[in-house]
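Sequences listed follow chains E and W, in order.
Each residue of the first sequence is one higher than the one before, starting from 12 at the first, in the working numbering.
Each residue of the second sequence is one higher than the one before, starting from 9 at the first, in the working numbering.
This report refers to the structure that appears directly beneath it.
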Amino acid sequence: MPLIVVGVNHRTAAVDVRERLSIAPSRMAETLDDLRSLDGINGAAVLSTCNRVEAIVSASAEDVIEPIVDWLTQRAGTARAELEKHVYILRHGDVLKHLFRVASGLDSMIVGEPQIAGQVRAAFLASRERGALDSLLSQVFDQTMRVAKRVRTDTGIGEHAVSVPYAAVELAKKIFGDLHGLQVLLIGAGDMGELTAEHLSAFGLEQIFVANRAHDRAIELAERFHGQAVKFENVEPYLATCDIVIASTAAPHFVIESDHVHRALATRRRRNLFLIDLSVPRNIDPSIAGIDGAYLYNIDDLQQVADSNRELRMQKAHEAEEIVEREVDGFRRRLVAQDAVPTIVELQGRLEDIRTHELEKCLRRMGPVSADQRAAVEQLSTQLVNKILHYPILQLKEAEEPAERETLRKTIRKIFGLR
Amino acid sequence: MSPNLTLYAALALYAAGTVVALATLFTREKRPQHIALGIMIAGFVAHTVWIGTICVRTHHPPLTNLPEAAGFTAWLVFAIELALFIRYRVHAASFFVYPLVLMLLTLSAVVHDPFIKTPAGISRLFITHVFLTTIGVAGLLIGLAFGVLAWAQDRALKTKNRGALWDWIPSLNVCKTVSYRALATGFSIYTLGILAGILWSYRTTAELMDLRVKQVGAVVAWILFAIVLQAYINDTYRTRRTAVIGACAFVAIMVAILGIHHA
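Okay, here's the thing in structure tokens:
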């Protein structure tokens, strides 16, 4: 039973094509019904994210590909020739490899990004809820999620941040562990500082204090983060209570001096202070980096962390590709073996019938025999049948291409007179 | 069947687990770490059976001689490490704890002669002394291991140079908290153990203590651990001085454990 993927992604189609094909979650059920109504489709799922729209189907034959392309063309509201430039079509083993790679984040724009696994899961779950998953696609889905989990666990591909704001979050976690209940002081309203504060705020911070030379802007930002605006010239006391300080101002001088940090740390007892200086020229005195209990990272330090993480991800991606290759191979073998089971069972049954029938005839002709003699003849007949069956069964289990498997199955059925 | 068969099984499994865990320092792969943990847990099961066998055969806790005490300390250290792993998922501690457990159990296997029936005249006070001291030592060793991790994490964050341990070490806060709690708890129990020992010594010999290796080692270790703990309380543990004192405290504890054999 062929597996087929027809779709477009960020490499084959620009955003204007992808957006025309994208499917809102509220319309997914209707879309699945529409796709399944095409002749020859046994099971279907649709993966629609910012970077890809794919129809994943199990079908009775490959001739469903053309109707699926037509279906996509209709959805895109464009000429078929135009859409064909962007569409890719994958079959059988390539589908497995593709799905395993996609769910593991290996086919993503940012390699190793973790969100895609959840999106693939959501796509298959939506299909399962709609009753659109047949047994084959259901197995493929389960295996896809298992592989994605294994890739993440074994390689840790998604563990390291590859952008400056996330690098800051990663470092904050390395210092404080759980960010829940921490207080952050944001000095200045630079874009990068705002973005970093936004990423940090997703981790359950207790409070964000915002200081800006233009106090109105501080109030505006504080409202956005459900925080509190403080006067720019009055930030020093907050160093004693806040755990993370982000400086992102346009000031041409240091806003935080080493004396400020010394005084703050004296009152903080054993609590560390993480200072992030995203400004150029720098706003935090670099000598603070030498103070015990204070950890200072400037924009270059964070960029370096992000760059080395990116390199690390590429290394991990090689390991991940090897895992995917092994998993595809193993799963394909299982599917092929499973596909051959009905024929194998029938074949074994047929030869067992012949064996028992002929054995009885033979024993009747031989007249009275001892139990040992009877057992010896039975053993001989069983071994003969097993030897005869060995190669046909092996061939059935190992024929990977569906066409080859079908030919083999027909030939065996014909030779052994199976129904 | 030799009652020490499970000891040798535990030793072999601990050795295999330690080698696999240390190898991951170079590969940074998580799977071998999980495999190492699995092997170590299998070793721990064998180790538990060995300790249980001692208790059943000798009718006393495994604390009356060096192999028993070293074996029991190793068992406790791994049990605490396992509990901390379940709570914090700290892989990095294994780089210190697994070799330590292996070393202590090797000591048991090399020195031999557990399974001695309860010596005549052994008192509850003596058992209490050894029991508390052993638990205290296990806590202190775990505290030291996490202290090393906290120091390594602090260095990595300060120098902005991620070393081989970066991915394996949990947050600085977790390392410091676990280290401090283990040291504080271990130190308190160890102190009670030493007090029980002094009391037992006074009852049996009419002297508070003598100057044998184990007593001197135990008292020196107590003083050094007190300094390390003080450094934690003052938040000056990062200094090289504290690291050196911690290493000396470790050596003193080992001397005290080895000294049991010559008691």
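Backbone N, C-alpha and C define an ideal beta-carbon position, used for all residues, glycine too.
- Proximity of the stretch 143 to 157 of chain W to the stretch 176 to 191 of chain W meets the contact definition, three or more beta-carbon pairs being nearer than 8 angstroms.
- Within the DSSP secondary-structure output, LEU58(E) pairs in a beta bridge with GLU65(E).
- In the structure shown, GLY194(W) falls within a helical segment according to DSSP collapsed to helix, strand and coil.
- Contact with chain W is found for THR164(E), since one of that chain's Cβ atoms lies less than 8 angstroms from the residue's Cβ.
- Counting only runs of 3+ residues, no beta strand (DSSP E) is found wholly inside the stretch 227 to 262 of chain W.
- For ASN181(W), the nearest beta carbon of chain E is closer than 8 angstroms to its own beta carbon.
- Per DSSP, the continuous alpha helix (DSSP H) segment holding ALA87(E) begins and ends at 76 to 87.
- Scanning its chain for C-beta atoms nearer than 6 angstroms, with the 5 sequence neighbours on each side dropped, one finds around GLY123(E) the residues GLY116, ILE168, GLY169, ARG324, in chain order.
- If you draw a straight line from the Cα of LEU107(E) to the Cα of TYR306(E), it comes to about 46 angstroms.
- Contact residues of the stretch 162 to 174 of chain W toward chain E are ASP162, ALA164, LEU165, LYS166, LYS168, ARG170, TRP174 (C-beta to C-beta distance below 9 angstroms).
- Contact check for ILE52(E) against ILE76(E) fails: the beta carbons are separated by 8 angstroms or more.
- Contact between PHE139(W) and LEU71(W) holds: CB atoms are separated by about 6 angstroms, below the 8 angstroms threshold.
- Taking a beta-carbon distance threshold of 8 angstroms, ARG249(W) does not count as an interface residue toward chain E.
- Counting every other CB atom within 10 Å of its CB across the protein chains shown gives LYS185(E) a total of 16 or more, marking it as buried.
- Only residues of its own chain outside the window of five on either side were considered, and among them VAL221, GLY225 have a CB closer than 7 angstroms to the CB of VAL263(W), listed in chain order.
- Pairwise C-beta distances place the stretch 327 to 347 of chain E out of contact with the stretch 377 to 387 of chain E, as fewer than three of them are shorter than 8 angstroms.
- If you draw a straight line from the Cα of ARG224(E) to the Cα of VAL266(E), it comes to about 11 angstroms.
- Annotation: Cβ neighbours of PRO178(W) in chain E (cutoff 7 angstroms, chain order): GLY188.
- Only GLU37, LYS38, ARG39, HIS42 from the stretch 37 to 57 of chain W bring a Cβ to less than 9 angstroms from some Cβ of chain E.
- Around the CB of LYS242(E), fewer than 16 other CB atoms lie within 10 Å, so the residue is classed as exposed.
- Taking a cut-off of 8 angstroms on C-beta distances, the stretch 173 to 181 of chain E touches the stretch 202 to 212 of chain E, as three or more cross pairs fall below it.
- In this structure, the CA atom of LEU83(E) is about 27 angstroms from the CA atom of GLN154(E).
- Any Cβ of chain W closer than 8 angstroms to the Cβ of LYS184(E) would place that residue at the interface, and such an atom is present.
- Taken in chain order, the unbroken stretches of beta strand (DSSP E) that lie wholly in the stretch 177 to 219 of chain E and span 3 residues or more are 194 to 198.
- In the structure shown, ILE365(E) falls within a helical segment according to DSSP collapsed to helix, strand and coil.
- In the three-state scheme derived from DSSP, where H, G and I count as helix and E and B as strand, PHE285(E) is classed as strand.
- In this structure, DSSP gives ARG97(W) a state outside helix and strand, which the three-state scheme calls coil.
- No Cβ-Cβ contact shorter than 8 angstroms links TYR16(W) with MET48(W).
- Under the three-state reduction of DSSP, GLY18(E) is assigned to strand.
- DSSP places VAL57(W) inside the alpha helix (DSSP H), whose first and last residues are 38 to 66.
- Where VAL380(E) is concerned, there is no enclosing beta strand (DSSP E), because DSSP gives it neither an H nor an E.
- Counting only the Cα atoms, ILE299(E) lies some 7 angstroms from VAL272(E).
- Take the alpha-carbon of LEU362(E) and the one of LYS160(E): they are about 44 angstroms apart.
- Interface flag for ASP312(E) against chain W is set, since a Cβ pair is found closer than 8 angstroms.
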